[in-house]
Amino acid sequence: HKKICTPLNTINRHLRRYTFDTIARLKDFSNLKKKVFNGVIHGDSREADIFGEIKKQNPVFYKHLVNKKIDGVFTSPPYVGQIDYHEQHAYAYELFGILRKDDKEIGPLFKGQGEKAKDEYVQGISKVFINISRFVKDDGDFFIVANDKYNLYPKIAEKSGLKIVEQFKRPVLNRTERDRQPYAEIIFHMKKR
587 HKKICTPLNT
597 INRHLRRYTF
607 DTIARLKDFS
617 NLKKKVFNGV
627 IHGDSREADI
637 FGEIKKQNPV
647 FYKHLVNKKI
657 DGVFTSPPYV
667 GQIDYHEQHA
677 YAYELFGILR
687 KDDKEIGPLF
697 KGQGEKAKDE
707 YVQGISKVFI
717 NISRFVKDDG
727 DFFIVANDKY
737 NLYPKIAEKS
747 GLKIVEQFKR
757 PVLNRTERDR
767 QPYAEIIFHM
777 KKR
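Under my numbering, the sequence shown has 661 at position 75, and the numbering climbs by one with no breaks.
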């Protein structure tokens, strides 16, 4: 970030603030939380077998899921050539003992933003949506948060068998990156064709 960082004399102030903020968020969430099934799948979303993985975790949830299918998907895929996501979250991999899969990352920073990187990105994200669509109801909704500065998502939708039905602009505020220029992400609302 091109700033000179100096060690803090104490982390107590920050730790205290973050702790109280976390407690407040957990209280808010506990008031909103419904009694529903959930599961976490750590894998490559281009080929993940959602129903198969859920069946291993919770057979009761699997029975509901396989009969009703998924109502919708809300996701924020990686942005092409912008962030090294594995490195950004290295602390979490180490803290929770999660196996890193850097070679599976779609649109990694080291590949840049050239035409080849963009083509690989379109192929990778399209494969994700093709795979996930198998588990979503025919009238299900897909909401994709994207910084689509290269206008790749119309092509991704086409290749994935989806259609863009609506777009929402969301301003990005309070950024911590070097480039603090304001910009907006697009939330694409897509449906199966």
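Just so you know, even glycine gets a beta-carbon here, dropped at the ideal spot from N, CA and C.
Backbone secondary structure at residue i - three-state DSSP
i: ILE640; result: helix
i: ASP657; result: strand
i: ILE669; result: coil
i: ILE627; result: coil
i: ILE609; result: helix
i: ALA634; result: coil
Buried/exposed call for residue i, threshold 16 Cβ in 10 Å
i: LEU759; result: exposed
i: ILE692; result: buried
i: SER616; result: exposed
i: LYS597; result: One detail in the question is off: residue 597 reads as Ile in this sequence, not Lys. Exposed: under 16 other Cβ atoms inside 10 Å.
i: ILE640; result: buried
i: GLY629; result: exposed
Check: residue i C-beta below 6 Å from any heavy atom of the ligand HEM
i: ILE716; result: Ligands in the displayed structure: none, and consequently the ligand HEM is not present.
Sequence-distant residues of the same chain with beta carbon closer than 7 Å to residue i, five excluded per side
i: LYS755; result: ALA770, ILE772
Cβ neighbours of residue i in the same chain (closer than 8 Å, five flanking residues each side left out)
i: LYS777; result: ASP725, GLY726, ASP727, PHE728, LEU748, LYS749, VAL751
i: GLN753; result: ILE772, ILE773, PHE774, HIS775
i: THR608; result: none
For residue i, the nearest candidate out of the options (CA to CA)
i: PHE774; options: ALA703, ASN624, GLY658; result: GLY658
i: LYS723; options: ASP630, LYS642, ILE656; result: ILE656
Nonlocal neighbours in the same chain, by C-beta distance under 6 Å from residue i, ignoring five residues either side
i: ALA634; result: ILE627
i: ARG632; result: LYS713, VAL714, ASN717
i: ASP734; result: ILE772
**Ordered list of alpha helix (DSSP H) runs contained in the stretch 710 to 761, each at least 4 residues** = Runs found: 739 to 746.
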